Amino acid sequence: MARCETCGQSAVTISPTLGFCADCIRQHPEEALPRISALHRTIRQDFGLPAEPPSAEDGHRCTQCANACRMLEGETGYCGLRVVRNGRLHHLAGTPSRGLLHWYYDPLPTNCVADWVCPGHARPGLKNLAVFYGACSFNCLFCQNWHFRSTSTSTDVLSAQRLAETADERTFCVCFFGGDPSPQMPHALATSHLLAQKGVRICWETNGSMNPRLLDRAVKLSLNSGGCIKVDLKAWDEHLHYALTGVTNRRTLQNFARVSRLIGHRQGSPLLVASTLLVPGYVDAEEVRGIAAFIASLNPDIPYALLGFHPSFRLADLPRTSIRHAEEAVQAALGAGLTNVRIANRHLLSHCY
0 MARCETCGQS AVTISPTLGF CADCIRQHPE EALPRISALH RTIRQDFGLP
50 AEPPSAEDGH RCTQCANACR MLEGETGYCG LRVVRNGRLH HLAGTPSRGL
100 LHWYYDPLPT NCVADWVCPG HARPGLKNLA VFYGACSFNC LFCQNWHFRS
150 TSTSTDVLSA QRLAETADER TFCVCFFGGD PSPQMPHALA TSHLLAQKGV
200 RICWETNGSM NPRLLDRAVK LSLNSGGCIK VDLKAWDEHL HYALTGVTNR
250 RTLQNFARVS RLIGHRQGSP LLVASTLLVP GYVDAEEVRG IAAFIASLNP
300 DIPYALLGFH PSFRLADLPR TSIRHAEEAV QAALGAGLTN VRIANRHLLS
350 HCY
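As structure tokens, this is what we get:
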């Protein structure tokens with residue numbers, strides 16, 4: 000049980016870490032966000048990352064993602080992979096020759112966000128090449144894979160060529176996730192071109208913040224190979240999205256709409272899939288309704304997965320998503336006009352609230 004510092008409400012779905020309820024973050028951001036911004040800065044400094052995207056007007060600009068870091072001499076980009084040294088922008092990883100990642104094989108069917116609409120779930124005996132990138136353009140307080148921050152540019156790097164060589168005749172698909180592929184798109188795209196030549200389906204699981212031109216190349220590879228783009232729409236309200244992730248959702252929404260325009264270019268399995276993690280007390284039915292209405296305005300048949308939350312990282316002080324919460328979210332999404340909504344990770348659901 001925690002108390003909101005603005006309205007005084009107490010509930011098990013108010014995070015002591017955040018200190019504010021969702022309604023007050025949405026309605027009174029001027030009170031909530033200064034403290035939450037300080038929280039994000041502290042967390043990032045604990046991991047040796049810049050507190051916020053560098054923004055020097057005369058700095059060296061990185062265009063990999065929405066953060067558009069502009070760095071002065073000695074400064075590092077928000078993702079931790081770019082640094083300015085001797086007047087030049089250096090890439091510590093994320094290039095075709097150096098990807099910061101771990102990889103492993105998942106036997107199909109696997110726990111893919113798109114498993115209920117993807118051909119891979121009907122291909123037992125084959126496998127998915129899972130590429131776990133060790134950097135991210137967001138700072139999600141609820142990150143389920145926060146251990147990506149422990150990867151090292153001195154030991155955990157692999158070229159696109161070497162990564163592609165891991166695929167064999169039983170490799171049905173590849174999925175780039177993490178972390179997020181957005182800070183390392185040149186590496187992921189180089190790998191994808193090599194894998195596509197072997198007949199591997201190219202899939203992405205991303206926050207959607209990458210440079211639109213890089214996104215276009217990713218979409219083309221997925222479109223032609225039979226893969227898909229899975230975009231995690233973390234929150235609808237921009238203030239709440241910032242509170243939870245440290246970053247705006249504007250680029251994500253723009254990129255999602257950008258991909259949606261190409262859906263009609265392929266029949267059969269979907270090109271674009273959306274997902275949202277149901278963070279107790281924060282990503283509620285109101286947030287899902289806003290996200291779903293946005294998706295429906297683009298194409299009501301885009302599949303939408305609602306994911307059960309497991310306490311993790313800095314929001315380990317919240318309970319697991321309740322069954323009631325998940326069911327209300329489904330009804331909100333259907334009511335907003337979507338036709339294909341699914342609760343994923345049902346085994347995580349609880350009766351906690």
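Numbers 0 to 352, taken from numbering that gives the first Met the number 0, label the letters of the sequence shown in order.
We put the CB at the ideal spot given by N, CA and C, even for glycine.
For clarity, every value in this text was computed on a predicted model and none was experimentally measured.
When the Cα atoms are used, Thr190 and Lys233 turn out to be separated by approximately 27 Å. According to the DSSP secondary-structure assignment, Ala21 is paired through a beta bridge with no residue.
Going by DSSP, Lys229 is part of the beta strand (DSSP E) stretching over Ile228 to Asp231. Between the alpha carbons of Cys351 and Pro318 lies a gap of roughly 7 Å.
DSSP places His324 inside the alpha helix (DSSP H), whose first and last residues are Ile322 to Gly334. Under the criterion of beta carbons closer than 8 Å, Pro302 and Val272 qualify as touching, at roughly 5 Å. Counting along the chain, Gly93 sits inside no beta strand (DSSP E), nor does DSSP assign it H or E at all. Rounded to the nearest whole angstrom, the C-alpha separation of Ser296 and Arg87 is 44 Å.
Excluding sequence positions up to five before and after Arg313, its CB lies within less than 7 Å of the CB of Thr16, Ile42 and Leu140, all in the same chain and listed in chain order.
In this structure, DSSP gives Ile35 a helical state, which the three-state scheme calls helix. By the 16-neighbour rule on beta-carbons within 10 angstroms, Leu71 is exposed.
Annotation: the continuous beta strand (DSSP E) that includes Leu276 extends over Leu271 to Leu277. The way I'd put it, the region 223-243 does touch the region 199-208; three or more beta-carbon pairs between them come closer than 8 Å. As computed with DSSP, Asn223 is found in no beta bridge at all. In this chain, the alpha helix (DSSP H) harbouring Ala187 covers Met184 to Ala195.
The alpha carbon of Ser151 has as its nearest neighbour, out of Cys78, Leu222 and Cys68, the alpha carbon of Cys78.
The beta carbon of Gln253 lies closer than 8 Å to those of Pro211 in the same chain, with the five residues before and after it left out. Under the DSSP assignment, Gly307 falls in the beta strand (DSSP E) whose first and last residues are Tyr303 to Gly307.
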